[in-house]
Amino acid sequence: MSWKSRSQRFSLSDIMGITKDLTSTVIGEGAFGKVYFGELIEGTEVQSKRKKGTKVAVKIKLLTSVKHKNVVSLIGYCNEDGTMALVYEYVANGNLEVHIRADTKMVLTWKERLDIAIDAARGLVYLHEHEKPPIVHRDLKPQNILLTDNLQAKIADFGISKLFSLESNRSHVTTDVKGTTGYLDPEYHTTKQLNTSSDVFSFGVILLELITGKAAIIKDPTRPNDIHISQWVAGKSITSIVDPRLQAGSYSIDSVRRVKEIAMDCVKLTKIERPDISTVYSELKAALKTETLITEYHTSQSFEMFIPVDHGNQNGRPRTC
Numbered sequence: 010m011s012w013k014s015r016s017q018r019f020s021l022s023d024i025m026g027i028t029k030d031l032t033s034t035v036i037g038e039g040a041f042g043k044v045y046f047g048e049l050i051e052g053t054e055v056q057s058k059r060k061k062g063t064k065v066a067v068k069i070k071l072l073t074s075v076k077h078k079n080v081v082s083l084i085g086y087c088n089e090d091g092t093m094a095l096v097y098e099y100v101a102n103g104n105l106e107v108h109i110r111a112d113t114k115m116v117l118t119w120k121e122r123l124d125i126a127i128d129a130a131r132g133l134v135y136l137h138e139h140e141k142p143p144i145v146h147r148d149l150k151p152q153n154i155l156l157t158d159n160l161q162a163k164i165a166d167f168g169i170s171k172l173f174s175l176e177s178n179r180s181h182v183t184t185d186v187k188g189t190t191g192y193l194d195p196e197y198h199t200t201k202q203l204n205t206s207s208d209v210f211s212f213g214v215i216l217l218e219l220i221t222g223k224a225a226i227i228k229d230p231t232r233p234n235d236i237h238i239s240q241w242v243a244g245k246s247i248t249s250i251v252d253p254r255l256q257a258g259s260y261s262i263d264s265v266r267r268v269k270e271i272a273m274d275c276v277k278l279t280k281i282e283r284p285d286i287s288t289v290y291s292e293l294k295a296a297l298k299t300e301t302l303i304t305e306y307h308t309s310q311s312f313e314m315f316i317p318v319d320h321g322n323q324n325g326r327p328r329t330c
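One point on numbering: in our numbering, the residue at position 83 of the sequence shown is 92, and numbering is uninterrupted.
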């Protein structure tokens, strides 16, 4: 049962062995079902999802073609006796959700948040523009962005993803509405027309969560109803919306502003108003460059404060021995 390919076919007994007869640790639950931790014989750590009665052909076609460093890799699958199971690479550091909520012990820096956003955007560029046909995730949210030990982001959980037809030149597919409240594209919700811009909307919400540390739907005691994060952010200054756990001076306001602006473009109500994911990716890289320049400037200023001044050398020339 060695890992010889990204689309190895496992038997049902293999799956039971990997997950210790489904008694191994449940590490999550997604659109496809419960997620179990497991190990292959040679020790490779994996995660497995198992569900009865699922039609496998389209989903396997969707997943076996996906090979990118910012997308969780499918190692293999099982389709036996009416049971479908998928075996993925294991990503050890949990999902983005647990890293941006207020009760987490380790607070992500602004640069770390930017790096994560850039990784996820790069993965989406691959799915939308380099996969043929394009793949729409349809349920992008922080829980479906997994992090490695060095905080590299990988898009996960393709349980309700949609594969466009190679024979079709249409910019959308008409399908039943699925997704998560707060991240669901309102235009898709109304028209049932799914397109890559639907993922862009969801990604914009994630960017706002990275900035603020808040959830997609916010309970505001000053309002009778819960509000969407985009409504809460609109019209506010950067310093009033940024995650309060990020200390003033530890991030570039210009960098955060740039991310906020592209995020607010992403969550426009119609697809024609939104940027494509390549544009979002470019803007995030520009925001990272701004952040890096500011950080380097502050570091150099701090260093200069500690350079000793030789008051005995008044003419400014180097001393000679």
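Glycine included, every Cβ here is placed at the ideal spot set by N, Cα and C.
Grouping DSSP H, G and I as helix and E and B as strand, with all else coil, what is residue i?
i, result
"ASN338", "Absent from the structure is residue 338, since the part of the chain shown begins at 10 and ends at 330."
"SER57", "strand"
"GLU51", "coil"
"LYS163", "strand"
"LEU95", "strand"
"LEU123", "helix"
"GLU176", "Only weak support exists for where GLU176 lies, its pLDDT of 39 falling under 50; the value from the coordinates is given anyway. Here GLU176 sits in coil by DSSP."
"THR329", "Caution applies to THR329, whose pLDDT of 45 falls short of 50 and renders its modelled position unreliable; the model cannot decide the point."
"GLU138", "helix"
"GLY244", "coil"
"ARG232", "coil"
"ARG110", "coil"
"GLN17", "strand"
"LEU83", "strand"
"GLY132", "helix"
"GLY26", "helix"
Please determine, among the options, the residue with the shortest C-alpha to C-alpha distance to residue i.
i, options, result
"ILE154", "SER246, ASP166 and THR200", "ASP166"
"PRO284", "GLU218, HIS137 and ILE303", "HIS137"
"MET115", "ILE271, ARG254 and THR288", "ARG254"
"ASP148", "PHE19, ASP208, GLN202 and LEU117", "ASP208"
"GLY191", "HIS146, PRO233, ILE238 and THR73", "ILE238"
"GLU98", "VAL44, HIS139 and PRO142", "VAL44"
"ALA129", "LEU156, GLU54, HIS139 and PRO142", "LEU156"
"PRO230", "ILE220, TRP241 and ALA295", "TRP241"
"ILE286", "THR301, VAL265, GLU300 and VAL145", "VAL145"
"ASN159", "ASN79, GLY188, LEU302 and ALA243", "ASN79"
"LYS298", "THR34, LEU123 and ASP252", "LEU123"
"THR221", "GLN256, LEU83 and LEU203", "GLN256"
Between residue i and residue j, what straight-line distance do the alpha-carbon atoms span, to the nearest angstrom?
i, j, result
"ASP90", "LYS58", "16 angstroms"
"ASP23", "GLY103", "25 angstroms"
"MET93", "TYR86", "7 angstroms"
"LYS201", "VAL186", "6 angstroms"
"GLU48", "ILE125", "27 angstroms"
"LEU217", "THR248", "14 angstroms"
"ILE215", "GLY26", "37 angstroms"
"ARG266", "GLY52", "45 angstroms"
"VAL81", "LEU133", "12 angstroms"
Could you tell me whether any non-hydrogen atom of the ligand SAM is closer than 6 angstroms to the CB of residue i?
i, result
"LEU21", "As far as ligands go, the structure on display features none, and thus does not contain the ligand SAM."
Count the CB pairs spanning the stretch 103-111 and the stretch 274-286 that are closer than 8 angstroms, and state whether there are at least three.
no
Alpha helix (DSSP H) runs contained entirely in the stretch 249-299, provided each spans 4 or more residues
262-275
Touch check for the stretch 215-235 and the stretch 193-204: three-plus C-beta pairs under 8 angstroms?
no
Whole runs of the alpha helix (DSSP H) within the stretch 190-219, excluding any shorter than 4 residues
195-200
Check whether the stretch 118-127 touches the stretch 247-265, taking contact to mean three or more Cβ pairs, one atom from each stretch, closer than 8 angstroms.
yes
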